[in-house]
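K.L.:
Have a look at the structure that comes next, please.
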Amino acid sequence: MSPKHANSQYAVAAVVALLSILAYCTLSNNGLILQSLGIPGLDFLWSLPGLKHLKMPGETSKSHFRKIQSFKTDYAPCTITQYVSERSGMQVVVADRKGPKINGYFTLATEIFDDSGAPHTLEHLIFMGSKNYQYKGLLDKLSSRAYSSTNAWTATDHTAYTLETAGWDGFAQILPVYLEHVILPTITDEGIVTEVWHIDGEGNDAGVVYSEMQAVQFRSSEIMDLKARRLLYPENVGFRYETGGMTDALRVLTPERIRQFHRDMYQPRNLCLVIVGEVDQDNMLKILDEFEESIKDDIPSLDTPFKRPWIDSAQPPKINESKIVTADFPEEDESVGEILVGFFGPNCNDLITSSALEVLLTYFCGSSVSILENILVEREELASSVSYWLDPRPNSVIWLQPTGVATEKLEFVEKRLFEILKEVVSKPLDMDYMRECIRREKRQVKYHAETSESFYATNIITDYLFGKRDGSTLKDLQNLSEYDTLEKWTDQEWRDFIS
Numbered sequence: 001m002s003p004k005h006a007n008s009q010y011a012v013a014a015v016v017a018l019l020s021i022l023a024y025c026t027l028s029n030n031g032l033i034l035q036s037l038g039i040p041g042l043d044f045l046w047s048l049p050g051l052k053h054l055k056m057p058g059e060t061s062k063s064h065f066r067k068i069q070s071f072k073t074d075y076a077p078c079t080i081t082q083y084v085s086e087r088s089g090m091q092v093v094v095a096d097r098k099g100p101k102i103n104g105y106f107t108l109a110t111e112i113f114d115d116s117g118a119p120h121t122l123e124h125l126i127f128m129g130s131k132n133y134q135y136k137g138l139l140d141k142l143s144s145r146a147y148s149s150t151n152a153w154t155a156t157d158h159t160a161y162t163l164e165t166a167g168w169d170g171f172a173q174i175l176p177v178y179l180e181h182v183i184l185p186t187i188t189d190e191g192i193v194t195e196v197w198h199i200d201g202e203g204n205d206a207g208v209v210y211s212e213m214q215a216v217q218f219r220s221s222e223i224m225d226l227k228a229r230r231l232l233y234p235e236n237v238g239f240r241y242e243t244g245g246m247t248d249a250l251r252v253l254t255p256e257r258i259r260q261f262h263r264d265m266y267q268p269r270n271l272c273l274v275i276v277g278e279v280d281q282d283n284m285l286k287i288l289d290e291f292e293e294s295i296k297d298d299i300p301s302l303d304t305p306f307k308r309p310w311i312d313s314a315q316p317p318k319i320n321e322s323k324i325v326t327a328d329f330p331e332e333d334e335s336v337g338e339i340l341v342g343f344f345g346p347n348c349n350d351l352i353t354s355s356a357l358e359v360l361l362t363y364f365c366g367s368s369v370s371i372l373e374n375i376l377v378e379r380e381e382l383a384s385s386v387s388y389w390l391d392p393r394p395n396s397v398i399w400l401q402p403t404g405v406a407t408e409k410l411e412f413v414e415k416r417l418f419e420i421l422k423e424v425v426s427k428p429l430d431m432d433y434m435r436e437c438i439r440r441e442k443r444q445v446k447y448h449a450e451t452s453e454s455f456y457a458t459n460i461i462t463d464y465l466f467g468k469r470d471g472s473t474l475k476d477l478q479n480l481s482e483y484d485t486l487e488k489w490t491d492q493e494w495r496d497f498i499s
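Below, the structure is given as structure tokens:
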């Protein structure tokens with residue numbers, strides 16, 4: 001036998017002996033022995049040249065994502081699990097429910113204090129390429145090959161990028177590519193000119209973002225909404241502004257302003273990945289750990305200062321008196337108009353009062369027998385309908401909108417609306433109908449939880465934007481006990497709540 005082969009045998013024998021000693025020390029909890037020898041432990045050996053490939057296939061490093069909580073919902077077959085990365089601050093919430101599709105929502109809290117439209121421009125520029133995939137449309141082409149589709153939207157308080165796939169395998173393939181597009185997009189000058197605003201060959205304003213906002217900016221609903229928000233919020237509150245961008249502001253928006261907004265808001269610690277469907281969570285964490293490892297040199301450290309959007313910012317002052325303004329908008333038929341009334345309501349994190357508000361709005365406007373619908377539409381025929389909706393926020397906004405009102409009766413209907421509300425508080429409520437409204441709301445929650453993935457996504461996104469980071473507010477999704485509490489409220493408690 002040649003000396004070369006003999007030395008190899010001795011080397012292998014020495015390694016086996018050393019591994020045996022270290023394994024014994026580790027399994028016997030003799031950490032002091034290892035420390036006294038100056039050896040950190042078994043994991044140290046796997047990093048040595050020539051030994052790292054000998055590591056057992058089943059051994060994996062610990063994930064940087066810490067599980068905050070996991071619970072089952074009582075009213076629908078779903079398990080909600082919440083994670084947070086201790087390396088980047090990224091949050092992940094999985095709503096595990098049976099079904100053929102996986103829906104993902106890459107959600108960022110986006111706050112801005114102008115009408116420049118920077119949040120909206122990024123919604124488009126993200127799909128123009130990333131650090132390692134520098135081609136427009138590549139993400140969509142890859143998604144189609146994995147039986148997936150992508151989309152996005154920009155709201156006043158957040159921007160969300162969506163991924164819908166048939167099964168987990170396709171989602172897992174696209175997940176790291178999509179994340180890189182969100183965190184490390186190219187944002188080139190050429191892409192901005194094409195997507196945001198430019199002058200075309202005929203001298204007209206063009207650009208995808210510009211054209212979108214030009215199409216909606218002069219609609220009655222947009223004009224009323226913006227006018228109302230200008231009245232509700234002062235200049236130091238982000239809810240005041242048009243995040244889609246005003247056309248005059250989009251014309252002067254600079255590439256550096258867009259890039260700076262991305263640096264400020266598109267950080268992993270300001271990102272929540274919401275996934276609804278049957279998820280292989282071990283595989284998901286492995287993919288996310290590998291992705292974080294690949295971008296660790298491109299993202300700011302968790303030690304750098306960061307203000308949480310909407311929570312660490314100024315809150316709007318209380319409204320001490322009613323403000324009434326008239327908004328003109330282009331319309332061929334000037335015989336009818338609309339009324340939009342906004343009130344500040346409770347904190348969206350207050351489960352009881354937020355649920356009570358939903359029930360109360362159903363009591364007022366939920367059907368043709370509801371108070372406002374019955375009086376303004378059925379009896380007095382002052383409006384064609386009375387619609388309502390809520391904007392969940394630290395100071396939620398309640399919106400009431402009588403539509404199809406005769407132009408000469410707009411002021412009268414506004415006054416009549418408040419007269420009816422005052423009459424409701426001054427008299428006993430119909431408690432039988434109120435309890436029916438409570439049960440109806442509870443049934444609606446169960447129905448949407450069982451049939452729509454957007455139920456979980458919407459509630460999880462709202463909690464991420466405004467809820468507590470320890471997961472305590474997210475756990476409110478576990479059951480529907482708030483409706484049991486509301487069924488015990490007395491007539492006086494409801495009237496006190498209204499006033």
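1 is the number of the first residue of the sequence shown in the UniProt record's numbering; add one for each residue after it.
No residue lacks a Cβ here, since even glycine has one placed at the ideal position from N, Cα and C.
For clarity, every value in this text was computed on a predicted model and none was experimentally measured.
What three-state label does DSSP hand H124 in the structure shown?
P.N.:
Three-state DSSP puts H124 in a helix.
K.L.:
What residue from W168, D115, L285 has the CA that sits closest to K276's CA?
P.N.:
Position check: residue 276 holds Val in this sequence, whereas Lys was assumed. Of W168, D115, L285, the residue nearest in Cα terms is W168.
K.L.:
From this set, G191, F171, A152, which residue's C-alpha is nearest V182's C-alpha?
P.N.:
With distances taken between Cα atoms, V182 lies closest to A152.
K.L.:
What's the C-alpha gap between D264 and D463?
P.N.:
If I take the Cα positions, the gap works out to 21 Å.
K.L.:
Within the same chain, show all residues whose beta-carbon is closer than 8 Å to that of G238, passing over the 5 residues directly before and after it, in chain order.
P.N.:
Within the same chain, G238 has close Cβ partners E111, I112, F113, T156, D157, P309, W310, S313.
K.L.:
With burial defined as no fewer than 16 other Cβ atoms inside 10 Å of the residue's Cβ, what is the status of M431: buried or exposed?
P.N.:
By the 10 Å Cβ count, M431 comes out exposed.
K.L.:
Could you spell out where the beta strand (DSSP E) holding T79 opens and where it closes?
P.N.:
Unbroken beta strand (DSSP E) run through T79: 79-85.
K.L.:
On the CB-based measure, 16 or more other CB atoms within 10 Å of its CB, does I339 come out buried or exposed?
P.N.:
With 16 or more Cβ atoms within 10 Å of its Cβ, I339 is classed as buried.
K.L.:
Under the three-state reduction of DSSP, which class applies to C272: helix, strand or coil?
P.N.:
Correct three-state label for C272: strand.
K.L.:
On the DSSP letters alone, give me the boundaries of the alpha helix (DSSP H) that D169 sits inside.
P.N.:
Where D169 is concerned, the enclosing alpha helix (DSSP H) stretches over 168-183.
K.L.:
Under 8 Å, Cβ to Cβ, is there at least one residue of chain B near H64?
P.N.:
Although the question refers to chain B, the structure presented lacks it and comprises just one protein chain.
K.L.:
Output the boundary residues of the beta strand (DSSP E) element that contains T154.
P.N.:
Run containing T154: 148-154, per the beta strand (DSSP E) assignment.
K.L.:
Straight-line CA distance for S481 to F455?
P.N.:
Going by the C-alpha atoms only, they are around 18 Å apart.
K.L.:
Between the region 412-422 and the region 351-362, do at least 3 Cβ pairs fall closer than 8 Å?
P.N.:
No: fewer than three Cβ pairs fall under 8 Å.
K.L.:
Name the DSSP bridge partner or partners of E389?
P.N.:
It is worth fixing the name first, because residue 389 is Trp in this sequence and not Glu. According to DSSP, which records beta bridges pairwise, W389 is partnered with W399.
K.L.:
Once DSSP output is grouped into helix, strand and coil, what is the label at E164?
P.N.:
The answer is strand: DSSP assigns E164 an E or B state.
K.L.:
Can you tell which of F65, I68, T154 has its C-alpha closest to the C-alpha of A109?
P.N.:
When only C-alpha atoms are compared, the closest one is T154.
K.L.:
Do R87 and E292 come within 8 Å of each other at the CB atom, strictly closer than that value?
P.N.:
In this structure, R87 lies closer than 8 Å to E292 by Cβ.
K.L.:
Measuring alpha carbon to alpha carbon, tell me which of E441, F329, G471 ends up nearest V92.
P.N.:
Nearest option by C-alpha distance: G471.
K.L.:
Evaluate A215 with the Cβ neighbour count: other Cβ atoms within 10 Å of its Cβ, from every protein chain shown; 16 or more gives buried, anything less gives exposed.
P.N.:
Result: exposed.
K.L.:
What are the residues that DSSP puts in a beta bridge with H158?
P.N.:
Partner(s): A109.
K.L.:
For P392 and I398, what's the separation of their Cα atoms in angstroms?
P.N.:
In a straight line, the C-alpha of P392 is about 9 Å away from that of I398.
K.L.:
I need the DSSP call for D189, collapsed to helix, strand or coil.
P.N.:
In this structure, D189 counts as helix in the three-state DSSP scheme.
K.L.:
Can you list, in chain order, the residues of its chain with a C-beta nearer than 7 Å to that of D491? Leave out the 5 residues immediately preceding and following it.
P.N.:
Here the set comprises P428, L429, M431.
K.L.:
Rounded to the nearest angstrom, what separates Y210 and T254 at their Cα positions?
P.N.:
Distance between the alpha carbons of Y210 and T254 is about 14 Å.
K.L.:
Could you pull out every residue in the same chain whose Cβ sits closer than 8 Å to the Cβ of N283, ignoring the five residues on either side in sequence?
P.N.:
Correct list, in chain order: W168, A172.
K.L.:
Below 8 Å between beta carbons: does that hold for P185 and S130?
P.N.:
Closer than 8 Å, so yes.
K.L.:
Look at the alpha carbon of H262 and the alpha carbon of T451, and state the distance between them as a whole number of angstroms.
P.N.:
Approximately 35 Å, taken between the alpha carbons.
K.L.:
According to DSSP, is S313 helix, strand or coil?
P.N.:
Here S313 sits in coil by DSSP.
K.L.:
Measuring alpha carbon to alpha carbon, tell me which residue in G245, R229, F218 is nearest I319.
P.N.:
Among G245, R229, F218, the Cα nearest to that of I319 is on R229.
K.L.:
Taking its Cβ as the centre, do 16 or more other Cβ atoms sit within 10 Å of G201, making it buried, or is it exposed?
P.N.:
By the 10 Å Cβ count, G201 comes out exposed.
K.L.:
Can you list, in chain order, the residues of its chain with a C-beta nearer than 8 Å to that of N374? Leave out the 5 residues immediately preceding and following it.
P.N.:
S368, listed in sequence order.
K.L.:
Once DSSP output is grouped into helix, strand and coil, what is the label at R308?
P.N.:
Three-state result, R308: coil.
K.L.:
Look at the Cβ atom of V386, then the Cβ atom of L372, and state whether they are nearer than 8 Å.
P.N.:
A contact, by the Cβ cut-off of 8 Å.
K.L.:
Would DSSP call E278 helix, strand or coil?
P.N.:
Coil at E278, not helix or strand.
K.L.:
If I'm right that L122 touches I299 with Cβ under 8 Å, what's the distance once you round it to whole angstroms?
P.N.:
So it is not a contact: roughly 16 Å between Cβ atoms.
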